[in-house]
Amino acid sequence: MSDAPETRPCPDCASPVRAANQSFCDGCGAFLRWDAPAATTREEPEEVTAPLPAVPPERETEPETPDRAPEPVREAPRAPEPPAPHRPPAPSPDTVARSLLVPVPEDRPSEPAVAAPVLPARPEAARPTVRAAEAATPVPGGTPCPACSLANAPGRHFCRFCATPMVPERLSTAEGPYAGRRPGLARDRSRWIVRALIAAGVVAVVVGGVFGGPPAARAVQDHFATRVPVHPVSWTASHSAPNQEPKLAGDGYSNTWWGTGYAGDSEGQYLEAAFAEPTDLLSLLITPGSSKNTTQADGQATPRTFDLVVKDASGEVRVSHHRINDGGTQRVDLRVRDALSVRLVLRTAWRADPRKQVAVAELEFFGRSVT
C-alpha cells in the first residue's frame with residue numbers, strides 16, 4: 000500500500016480530488032457532492048527495473064582491447080503491471096444541475112416584490128385599466144334599436160350597445176340639437192334681404208350718377224361732403240323792430256334776435272343774407288324765437304312755415320317751402336350750387352298773438368369744404 004492520501008475523481012473533468020471533504024475541484028472548479036462517498040483508488044505502482052551490476056573501478060580505467068569482445072548485459076525480468084483501477088462513469092449535466100438545487104421549505108414567507116431599478120426619466124401616468132365589457136341586457140318595454148334591435152330605455156338618443164342614433168334625423172332637428180350632435184348653421188334670411196337692399200341702393204346711386212348726368216353726381220357728392228360754416232357779408236330785412244336789427248340773427252348769440260316789428264304771424268316779411276362770392280350751400284340751421292328756451296311765457300312768436308328763395312350766380316332763383324317745429328335749433332337742407340343770397344319769407348307762425356311779433360334768434364349757413 001502507498002502512503003498517498005485517498006482520492007476520488009471529479010464528476011465533470013475526472014481529475015483526482017485528494018481531500019475527501021473538498022467542495023470544489025482544483026482542475027475545473029466544479030461543485031462536488033457532499034453526500035457522495037469518497038471513492039478510494041490506489042496509485043499505480045511505479046515500474047520496477049532491475050539495477051545494473053556495479054562495474055569494478057579497476058575495469059573502468061583499463062583500456063579496452065580490440066581482441067576481446069564485451070559481455071552482453073542481461074536485463075532483469077519485469078514485474079507484471081497491476082490492473083487499472085475501476086473509475087465510476089461521469090454523471091450527466093442534468094444530475095449535476097439537480098444536485099446544485101437547494102431545497103426551500105414550503106412554509107417560507109414570500110418576499111415582497113421589489114421594483115427593478117430604472118434610469119431617471121420623465122414620469123408617465125399609469126395606464127388606465129380596461130374593464131371587461133358588460134353584457135347588454137334588454138330593457139323590458141324599451142325602444143328597439145334600428146340597427147341591433149336591442150331594447151333601450153325611453154328618451155335615449157343613441158343605442159347603448161352599438162351607438163346608433165335612436166331618433167331619426169328629421170325628428171331630432173325639431174327637438175333641437177342633443178348631446179353629441181353638432182347643430183346646423185342658422186340661416187337668417189332677413190340678413191340676406193337687408194344686404195340685397197343695400198347692394199341695390201349702391202348700384203342705383205352709381206347708375207344714377209353715371210346716367211343721370213352732373214346733377215345726380217353732384218347730389219351724391221353733396222350727400223357725402225364735409226360741411227363747414229359759411230358767413231354772410233350783409234343782412235337785410237323787410238322790416239325790423241327797434242333794437243332788433245337783422246344782423247342780430249347772424250351774430251353767433253342765441254339770446255339776441257331779429258324781430259319783424261309787426262304783431263301776428265307777420266306774413267310776407269323776410270330776412271335776407273348775402274355772400275361775397277358764389278358759395279355751394281348744403282344746409283342751414285335756424286333757431287326760432289327770442290332764445291333757445293321757447294317755453295318762456297314772455298317769449299316771442301316763432302316761424303311755422305316759410306319759403307327759402309335762393310339766387311345763384313347765373314341769376315336763377317330757386318324757391319323751396321319748409322315747415323319747422325316750435326322751438327329748438329333745427330336743420331334745413333338746401334343743396335344749391337353757386338348761391339349769392341338766401342331770403343327767408345315768413346308765411347305762418349307758432350303762438351301768433353297781437354301782443355307778440357315773430358322772432359328769429361339765429362340763422363347759420365353751411366357749405367361744402369374745399370379741402
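Quick note: the sequence shown uses numbering that gives the first Met the number 0, first residue 0, plus one each step. Virtual Cβ for every residue (Gly too), placed ideally from N, Cα, C.
Could you tell me which of the options sits nearest to residue i, measuring between CA atoms?
i    : options                   : result
T235 : F274, W349 and I192       : F274
R346 : R188, G141, A120 and D264 : D264
R336 : D311, P353 and R350       : D311
V95  : T286, C12 and Q299        : C12
T142 : F160, A125 and R334       : F160
P139 : A351, Q268, R126 and P153 : P153
L400 : A125, S91, V229 and V206  : Given that the chain is displayed from residue 0 to residue 370, the structure contains no residue 400 and the question cannot be resolved.
T225 : V369, C27 and V16         : V369
G298 : R155, P287, C158 and R97  : P287
G260 : N254, A272 and P245       : P245
D250 : R367, E361, A120 and R121 : E361
Y252 : R317, K291 and A120       : K291
E276 : V16, R190, P231 and V308  : P231
R155 : S233, L307, M165 and I192 : M165
R334 : L31, G267 and R367        : R367
Using three-state DSSP, classify residue i as helix, strand or coil.
i    : result
P302 : strand
A338 : strand
K291 : coil
K355 : coil
V331 : strand
L196 : helix
V202 : helix
G28  : coil
R347 : Reading the sequence as shown, one finds Thr at residue 347 and not Arg. T347 falls in the strand class under three-state DSSP.
A240 : strand
D93  : helix
P8   : strand
P122 : coil
R257 : The sequence as given places Trp at residue 257; Arg does not occur at that position. W257: strand per DSSP, three-state reduction.
S148 : coil
A162 : coil
R226 : strand
R17  : coil
A262 : strand
E46  : With a pLDDT of 47 at E46, under the threshold of 50, the modelled position of this residue cannot be trusted, and the question is left open.
G366 : strand
A360 : strand
A273 : strand
P245 : helix
A312 : coil
R190 : helix
V54  : Low local confidence applies: a pLDDT of 44 at V54 is under 50, so the model's placement there is unreliable, and no value is given.
According to the neighbour-count rule (16 or more other Cβ atoms, all chains shown, within 10 Å of its Cβ), is residue i buried or exposed?
i    : result
T163 : exposed
L270 : buried
S289 : buried
I197 : exposed
W257 : buried
R342 : buried
D279 : buried
R303 : buried
I285 : buried
V344 : buried
T6   : buried
F365 : buried
A199 : exposed
T301 : buried
P10  : buried
A124 : exposed
G314 : exposed
Q243 : buried
L99  : exposed
V201 : exposed
G326 : buried
D363 : The residue asked about is misnamed: residue 363 is Glu in this sequence, not Asp. It is buried - the Cβ of E363 has at least 16 other Cβ atoms within 10 Å.
L283 : buried
P55  : At P55 the pLDDT is 47, less than 50, meaning the model places this residue with poor confidence and gives no usable figure here.
Q21  : exposed
P353 : exposed
N254 : exposed
C147 : exposed
V309 : buried
When every heavy atom of the ligand SAH is checked, does at least one fall within less than 7 Å of the C-beta of residue i?
i    : result
S368 : Looking at this structure, you won't find the ligand SAH or any other ligand, since it has none at all.
Stretch pair the segment 323-340 + the segment 238-247: three plus CB contacts closer than 8 Å: no
Given 8 Å, three or more beta-carbon pairs between the segment 306-322 and the segment 352-367: Output reads no: the segment 352-367 does not touch the segment 306-322.
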